[in-house]
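Trainee: The structure under discussion is supplied below as structure tokens; questions concerning it will follow.
There are 4 protein chains.
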Amino acid sequence: MAGNTFGKKFRLTTFGESHGLAIGGVVDGCPSGVSLDFEAIQYELDRRRPGQSAIVTQRKEADKVEFLSGVFEGKTTGAPIGFVVQNTNQKSGDYEHLKDVYRPSHADYTYDKKYGFRDYRGGGRSSARETISRVVGGAIAKQLMPEVKINAFVSSVGEIFIDKPYQALDFSLTETNDVRCPDLATAQKMEEYIRQIRKEGDTIGGTITCVIQNVPAGLGDPVFDKLHAELGKAMLSINAVKGFEYGSGFCGAKMRGSEHNDLFNPDGSTKSNLSGGIQGGISNGMDIYFRVAFKPVATIMQMQQTIDKNGNLLEMQGKGRHDPCVVPRAVPIVEAMAALVLADFLV
Amino acid sequence: MAGNTFGKKFRLTTFGESHGLAIGGVVDGCPSGVSLDFEAIQYELDRRRPGQSAIVTQRKEADKVEFLSGVFEGKTTGAPIGFVVQNTNQKSGDYEHLKDVYRPSHADYTYDKKYGFRDYRGGGRSSARETISRVVGGAIAKQLMPEVKINAFVSSVGEIFIDKPYQALDFSLTETNDVRCPDLATAQKMEEYIRQIRKEGDTIGGTITCVIQNVPAGLGDPVFDKLHAELGKAMLSINAVKGFEYGSGFCGAKMRGSEHNDLFNPDGSTKSNLSGGIQGGISNGMDIYFRVAFKPVATIMQMQQTIDKNGNLLEMQGKGRHDPCVVPRAVPIVEAMAALVLADFLV
Amino acid sequence: MAGNTFGKKFRLTTFGESHGLAIGGVVDGCPSGVSLDFEAIQYELDRRRPGQSAIVTQRKEADKVEFLSGVFEGKTTGAPIGFVVQNTNQKSGDYEHLKDVYRPSHADYTYDKKYGFRDYRGGGRSSARETISRVVGGAIAKQLMPEVKINAFVSSVGEIFIDKPYQALDFSLTETNDVRCPDLATAQKMEEYIRQIRKEGDTIGGTITCVIQNVPAGLGDPVFDKLHAELGKAMLSINAVKGFEYGSGFCGAKMRGSEHNDLFNPDGSTKSNLSGGIQGGISNGMDIYFRVAFKPVATIMQMQQTIDKNGNLLEMQGKGRHDPCVVPRAVPIVEAMAALVLADFLV
Amino acid sequence: MAGNTFGKKFRLTTFGESHGLAIGGVVDGCPSGVSLDFEAIQYELDRRRPGQSAIVTQRKEADKVEFLSGVFEGKTTGAPIGFVVQNTNQKSGDYEHLKDVYRPSHADYTYDKKYGFRDYRGGGRSSARETISRVVGGAIAKQLMPEVKINAFVSSVGEIFIDKPYQALDFSLTETNDVRCPDLATAQKMEEYIRQIRKEGDTIGGTITCVIQNVPAGLGDPVFDKLHAELGKAMLSINAVKGFEYGSGFCGAKMRGSEHNDLFNPDGSTKSNLSGGIQGGISNGMDIYFRVAFKPVATIMQMQQTIDKNGNLLEMQGKGRHDPCVVPRAVPIVEAMAALVLADFLV
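Protein chains in written order, with this note's numbering: chain E, 1 to 347; chain Y, 1001 to 1347; chain F, 2001 to 2347; chain A, 3001 to 3347.
Right, here's the structure in full:
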């Protein structure tokens, strides 16, 4: 089955693998007459780009997006928007040694089982380079709804977490540090910890929190296409994500109804917001917020046992330049997927 | 937009609200020639039915399913399977007092905002009676893949939880107690706690864990329709669900790569299974397991402040027979949604 | 694959076979707050019903539609509308002799090849009784766009055809005769011809023309979901349809550009309308009109050679009460499918 | 709404307009492990290319396809296949005079009404250059089912038509003449006629017949996604198409059941094939054949009256190099769309 299209009315279809000629996609269902800010789109790609700081992978990739269609005189025409990002820094030779090896907790084994065939160069389609297309699509989506504010940030790395509610944070600080954590004291601890992890040749997981403000009431289509169900699917489709919770989330499962219910103000807003801005699968106009769990990157600079295609045990160690922690670069991806979901309901 | 169809190849389309004439649906894409066990389908409905035990709502509803099409001489024909469950015990008069009131943390306010109009009888379409159709669809899905074993159970109620890995549990005990917890000592504590909560006129949240065994490797369609992304959407679409995690889940976000990676055995199975049976969005043949968080039921037997349509503050208290804790009855619903997801990939 | 859902935003999912318990469906994506005229829906079903006149099948079927959900206090709620029509006059015994026989030019052979299994009672799912659900869905669709006028009528039976442009016809005469032909002189000839055909134990094909007025400009989604492509698919999905043409149709293929081009009036309307109200796949505000070809009914009251499942040649003759010509009863079906297409673009 | 994706399991998503940087698309759902013959794909594009013969437009366009992803070591990987064809010979300046003009029977007016905005360069997205992507997608589809033989050919130009059944034709002659008509005497008449039409500054319509052989029984999904309904939609989505008929088509509407029924041979094949290889919406293993009507090209080299955006009447004449008759170049497009439909059911 085809699985590379996201959305119903506002749709993103993507293609491209780690070491192919290019990554790209098609945005379909975009309204006409929208003046696209191409620098803003490139800015989002730059936030995702490898090599942007000392705590992420040091691969150098330009990741410049080129638009091929759907825009005329700076405005969308209503026709599909095709785009490509060339893969410029891909050395397939780096991966020859992986040809017959299944790396632990990567997608090598499952792709081989499913497709009977594997593009072993850097993960192929299972590589996180695929998310370039998501970021481009999401950046366009953001521009369709300028009133909506989507702010994602790193809320934990390993055991280090922000111990404040998001309302106490200044989102404008997120981009001021390499970790993308708006609580600067915590950010510093996270950064030091990531450096330490990298020195040990290891990797570490983390969480991203996303807060969406100024969403009008009424988005979401019960019963299966509830707003949070679509957000959940969107987040879970990002590489390395293991969990999603919104509003009270897993904490809500420990609470009583008398403490969990969000009482109304006369204007329809609520005093508390454990609902996370969504009730019955439909936005209620309050802030939408959710949290996404990322596992540690599977490629580590330590010797591990693994197997080859024929079931022979062997030892291997990660090579090259990999992220010790994926969450700083995943922040724009989370925002992009959130924007795609909202635009699909709003368009 | 339409939002009442689930699945692509094996599809369930549902209809029905709390106090309409009937709940029902259409299963499309079912292979032909399958001998359906109708008693097994009714059994799943009975597991979901109100009034089945002392710790759930005492409403009496027969919930007998009738099949209208798609089956001939006991076998599926490949034509769509229509089914209905009559609503027999619905007294609309019970809800007249709610006509203009928005109950806290229900879908009353958002349905009114979205549709400009509200079926105020028992939650209308937002009622959990809607899940009857899911259970019927899921029961059919289960019969398409008899080799796959789907076992959901209550893993926590409030702060009480099973403190063992699922491998230490005997799933055959799940149905031996009213809470549907296979750890009997924990089950007893949960049951007592729920009784206590009900006495206090309150409600309590909980979690359900689901373990799926004997799933072949190869299910899931990268990049957007990853197996766990579809499972996540399926679970999040169930009423009252606030979170979903699979494999290591949120705990995985605190771990290092060196401890999180699942090392291979020579036969391709893995020594640990923090991946939760899914790598790169595709099943790897190991057990799939995930956890779902349910918030406490919003209807409580305590006086709460709320508002009416015109923004007037008023006080109200829940009436009637409601569940003090939703998770025991949600177990078959979680299983049904899991079955629908798997059947859609397997068919 | 599932193939029983029509539409994207306004969707009809249907179920039911000739001799099952009921025919029915689910309309999803219907806007809320629409006051449904249930008599108007039943009226459309009555137009389709067997036994309504001397020139159609004399089977007596009540075909009363019952709505199960989605409507509250006479208005749509935005929830899916489930409906059923009981099968009351079905005698399965009538078809026992067909159990192992493939009737010529029916779907018996292909259903058996596809599904490995056949509901031999009256055609099962391939029976035209399936169109009951289309008529109900279309009747709802019509009510969503009261300004749009959809008029279908019989334009030919065998070699007899209306030799006037549709603009010369009075559509209010369509329902005044059993053939549903608004040109009364032609209608009389058609009716006599159909009576003659029936006497001979034979059947005859025909065409239906449909004219849609007051459609706003702008409907249709290039490039694949062009308005006429969706109309064409809708019509071709009706039993017995062999062809579809719109605007100049097959005649247009014989014309020169200089005679085919529709020149503009200053207000954007066109002097001629060989485009059929659609240019580049998008409605232009002019009348949309198209023609649909129906083959003769395959069941004839004459002895024919055929085969059984095992390839044995045998002779058989149609039994029971069948339509000598399908087009009079297909008129409301054509209108219903047109309404479903338009509503999907308009909603 | 998005309308630029075709298919469900085997899906083609396209982008690109006449004078953008490139035309391209994404093929998703392609099985893995297929050795693609890239020259065969380019060959199909060459059949569609302008400037290939004396009777088509003399524009020179290279139309070389480049594949960006989804193929590794010459084989498909199961990942989406992205491809682009650069637009090399596009002079936007040629179209400046059309900026505010609506050309008769083009999509200028409707695009403006729908999108409020128009890419006036050469038709923008409504240009037939869009079909490049269809041809690439279809060429891949053909390679997935090498046993299926798809042969389209020009069966009429204006009033000139092949007066033989397709069984009397030698399809290998189709590519031996510029018209793509396998009946050489007719081909010569057509070619002369087209030259004459061009001299007069006019254009002419025509029809294409397509014959598909070796299709297994069982393709097609009743009731809405019948095989011929999908073929019909596919053909009607091609620019300039006004009608579609399969099997007996519109002639069948004049016939009696006793002459129309296809009687069986003992092996399940039929003596006649007025059904056109499809019964009840499902292929029966006989040849599938259908006919597609194309209107004359709207751009003529004669002075015509038209209007501008403000409703001012003006006179204009076509400029540049246009096809006097579209059907010779449409033959590979018809085949491509047929291949896409079949592959979607076969994959």
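Just so it is clear, CB atoms sit at the ideal spot from N, CA and C, and this is done for glycine as well.
Give the interface partners of F/His2228 over in chain A, defined as CB-CB distance under 9 Å, in chain order.
Mentor: As a first step, residue 2228 of chain F is located in the third sequence; it is residue number 228 there, counting from the start. Here the neighbours are Leu3236, Ser3237, Val3241 and Lys3242.
Trainee: Tell me whether F/Leu2184 is buried or exposed, calling it buried when 16 or more other Cβ atoms sit within 10 Å of its Cβ.
Mentor: Against the third sequence, residue 2184 of chain F aligns to sequence position 184. Exposed.
Trainee: Against A/Met3145, what residues of chain E qualify as contacts under a CB-to-CB distance less than 7 Å, listed in chain order?
Mentor: What you label residue 3145 of chain A is simply residue 145 of the fourth sequence in a count that begins at 1. Near A/Met3145 there are no residues of chain E at all, since even the closest Cβ is about 17 Å away, more than 7 Å.
Trainee: Give the straight-line distance between the Cα atoms of A/Ser3269 and A/Asn3284, rounded to the nearest whole angstrom.
Mentor: Here residue 3269 of chain A refers to the residue found at position 269 of the fourth sequence. Here residue 3284 of chain A refers to the residue found at position 284 of the fourth sequence. Approximately 8 Å, taken between the alpha carbons.
Trainee: Nearest to Y/Leu1236 by CA position, among Y/Pro1222, Y/Arg1256, Y/Phe1224 and Y/Ile1208, is which residue?
Mentor: Numbered from 1 along the second sequence, position 236 holds the residue referred to as residue 1236 of chain Y. Cα-wise, what sits closest to Y/Leu1236 is Y/Ile1208.
Trainee: Verify whether the separation of the beta carbon atoms of F/Val2154 and F/Arg2180 is less than 7 Å.
Mentor: Against the third sequence, residue 2154 of chain F aligns to sequence position 154. Against the third sequence, residue 2180 of chain F aligns to sequence position 180. Cβ distance < 7 Å, so F/Val2154 and F/Arg2180 count as in contact.
Trainee: Closer than 7 Å, CB to CB, is E/Ser32 near chain A or not?
Mentor: Counted from its first residue, the first sequence places residue 32 of chain E at position 32. So yes, E/Ser32 belongs to the interface.
Trainee: In chain order, what residues of the stretch 188 to 211 of chain E put their CB closer than 9 Å to some CB of chain Y?
Mentor: Going along the stretch 188 to 211 of chain E in chain order, one finds Ile197, Glu200, Gly201, Asp202, Thr203, Ile204, Gly205, Gly206 and Thr207 with a Cβ nearer than 9 Å to chain Y.
Trainee: Could you list which residues in chain F have their beta carbon closer than 8 Å to that of Y/Ala1002, in chain order?
Mentor: Translated into positions along the second sequence, residue 1002 of chain Y becomes position 2. In chain order: Gly2007, Lys2008, Lys2009, Phe2010, Arg2011, Asp2028, Gly2029 and Pro2080.
Trainee: Quick one: is A/Gly3123 buried, meaning 16 or more other Cβ sit within 10 Å of its Cβ, or exposed?
Mentor: On the fourth sequence, position 123 is the one that residue 3123 of chain A refers to. A/Gly3123 is buried by the Cβ-count criterion.
Trainee: Please identify the residue among F/Ala2054, F/Asp2046, F/Ala2128 and F/Ala2022 whose C-alpha is closest to the C-alpha of F/Arg2198.
Mentor: Residue mapping note: residue 2198 of chain F aligns to position 198 of the third sequence, counting from 1. Of the listed residues, the one whose Cα sits closest to F/Arg2198 is F/Ala2054.
Trainee: Do you know offhand how far A/Ser3272's Cα is from A/Ser3258's?
Mentor: Numbered from its first residue, the fourth sequence carries residue 3272 of chain A at position 272. Numbered from its first residue, the fourth sequence carries residue 3258 of chain A at position 258. So the two alpha carbons sit approximately 12 Å from each other.
Trainee: For F/Ser2275, which of A/Ser3105, A/Pro3324, A/Ala3338 and A/Ile3160 has the nearest alpha-carbon?
Mentor: The residue given as residue 2275 of chain F occupies position 275 in the third sequence. Considering only alpha carbons, the answer is A/Ser3105.
Trainee: In chain order, what are the residue ranges of uninterrupted beta strand (DSSP E) at least 3 long that sit wholly in the stretch 2086 to 2171 of chain F?
Mentor: The qualifying runs are 2149 to 2157.
Trainee: Would you mind giving the Cβ-Cβ distance between F/Arg2118 and F/Tyr2111, rounded to the nearest angstrom? I have them listed as a contact below 8 Å.
Mentor: As a working note, residue 2118 of chain F is residue 118 in the third sequence. As a working note, residue 2111 of chain F is residue 111 in the third sequence. F/Arg2118 to F/Tyr2111, Cβ: 5 Å. Contact.
Trainee: I want to check one thing, is the minimum distance from the CB of E/Gly74 to the heavy atoms of the ligand ADP below 6 Å?
Mentor: As far as ligands go, the structure on display features none, and thus does not contain the ligand ADP.
Trainee: Residues in its own chain within less than 6 Å of F/Lys2387 by CB, not counting five upstream and five downstream?
Mentor: Outside the displayed span of chain F (2001 to 2347) sits residue 2387 of chain F, for which this structure offers no information.
Trainee: In whole angstroms, give me the CA-to-CA distance for Y/Ser1035 and F/Gly2007.
Mentor: Translated into positions along the second sequence, residue 1035 of chain Y becomes position 35. Translated into positions along the third sequence, residue 2007 of chain F becomes position 7. In a straight line, the C-alpha of Y/Ser1035 is about 31 Å away from that of F/Gly2007.
Trainee: Tell me where the alpha helix (DSSP H) around E/Cys251 begins and ends.
Mentor: Reading the first sequence from its first residue, position 251 is the one you call residue 251 of chain E. Taken as a continuous stretch (DSSP letters only), the alpha helix (DSSP H) holding E/Cys251 covers Gly249 to Gly252.
Trainee: So does the stretch 10 to 29 of chain E actually touch the stretch 134 to 148 of chain E, counting three or more Cβ pairs closer than 8 Å?
Mentor: Yes: the two stretches touch, three or more of their Cβ pairs being nearer than 8 Å.
Trainee: Considering just the uninterrupted stretch of the beta strand (DSSP E) at E/Ala40, what are its terminal residues?
Mentor: Position 40 of the first sequence, counting from 1, holds the residue named residue 40 of chain E. It is not in any beta strand (DSSP E) - E/Ala40 instead sits in the alpha helix (DSSP H) that spans Phe38 to Arg48.
Trainee: F/Asp2048 touches chain A at which residues, Cβ-Cβ below 9 Å?
Mentor: Here residue 2048 of chain F corresponds to residue number 48 of the third sequence, with the count starting at 1. Going by the sequence as given, residue 2048 of chain F is Arg instead of Asp. Within chain A, no residue comes near F/Arg2048; the closest Cβ sits about 15 Å away, beyond 9 Å.
Trainee: Quick one: measure Cβ to Cβ for F/Gly2016 and Y/Gly1232, integer angstroms, because I've assumed they're closer than 8 Å.
Mentor: Indexing the third sequence from 1 puts residue 2016 of chain F at position 16. Indexing the second sequence from 1 puts residue 1232 of chain Y at position 232. Wrong, their Cβ atoms sit about 34 Å apart, outside the cutoff.
Trainee: For F/Ile2204, which residues in the same chain have their Cβ closer than 8 Å to its Cβ, ignoring the five residues on either side in sequence?
Mentor: For the purposes of this step, residue 2204 of chain F is taken as residue 204 along the third sequence, with counting starting at 1. Counting only Cβ-Cβ distances below 8 Å, and skipping sequence neighbours, we find Val2157, Gly2158, Tyr2193, Ile2194, Ile2197, Pro2296, Pro2324 and Cys2325.
Trainee: What would DSSP say about A/Leu3227, mapped onto helix, strand or coil?
Mentor: For the purposes of this step, residue 3227 of chain A is taken as the residue at position 227 of the fourth sequence. Note: A/Leu3227 maps to helix in three-state DSSP.
Trainee: Considering only residues of the same chain and omitting the five flanking positions on each side of E/Thr186, which have a CB-CB separation below 7 Å?
Mentor: As a working note, residue 186 of chain E is residue 186 in the first sequence. If we look at E/Thr186 and ignore the five residues flanking it on each side, its Cβ neighbours are Ile160 and Ile162.
Trainee: Would you be able to state if there are at least three C-beta pairs under 8 Å between the stretch 66 to 86 of chain E and the stretch 163 to 172 of chain E?
Mentor: With the cut-off at 8 Å, the stretch 163 to 172 of chain E and the stretch 66 to 86 of chain E do not touch.
Trainee: Answer yes or no: does any C-beta atom of chain A fall closer than 7 Å to that of E/Asp221?
Mentor: As a working note, residue 221 of chain E is residue 221 in the first sequence. Judged by the 7 Å Cβ criterion, E/Asp221 is not in contact with chain A.
Trainee: In this structure, what does DSSP give as the bridge partners for Y/Phe1290?
Mentor: As a first step, residue 1290 of chain Y is located in the second sequence; it is residue number 290 there, counting from the start. In DSSP, Y/Phe1290 forms a bridge with Y/Cys1210 and Y/Tyr1246.
Trainee: What is the DSSP secondary structure of Y/Met1303, counted as helix, strand or coil?
Mentor: Your numbering for residue 1303 of chain Y matches position 303 in the second sequence. Y/Met1303 falls in the strand class under three-state DSSP.
Trainee: Note down, in chain order, every chain A residue with its Cβ under 7 Å from the Cβ of F/Lys2254.
Mentor: The sequence position of residue 2254 of chain F within the third sequence is 254, counting from 1. Correct list: Gly3158, Glu3159 and Gly3205.
Trainee: Confirm, please, whether the CB-CB distance from E/Lys114 to Y/Ile1282 is below 7 Å.
Mentor: As a first step, residue 1282 of chain Y must be located in the second sequence, where it is residue number 282. As a first step, residue 114 of chain E must be located in the first sequence, where it is residue number 114. For Y/Ile1282 and E/Lys114, yes; Cβs fall inside 7 Å.
Trainee: Which residue comes first and which comes last in the alpha helix (DSSP H) that contains Y/Arg1198?
Mentor: Counting from one through the second sequence, the residue named residue 1198 of chain Y turns up at place 198. First-last of the alpha helix (DSSP H) with Y/Arg1198: Leu1184 to Lys1199.
Trainee: Are any of the Cβ atoms in chain F nearer than 7 Å to that of A/Leu3169?
Mentor: Taking the fourth sequence and counting its residues from 1, one reaches residue 3169 of chain A at position 169. Not one chain F Cβ lies under 7 Å of A/Leu3169.
Trainee: F/Val2065 to F/Val2334, Cα distance in whole Å?
Mentor: Walking along the third sequence from the start, residue 2065 of chain F turns up at place 65. Walking along the third sequence from the start, residue 2334 of chain F turns up at place 334. Rounded to the nearest angstrom, the two C-alpha atoms are 19 Å apart.
Trainee: For a test of the three-state rule: what should DSSP assign to A/Phe3072, helix, strand or coil?
Mentor: Translated into positions along the fourth sequence, residue 3072 of chain A becomes position 72. In this structure, A/Phe3072 counts as strand in the three-state DSSP scheme.
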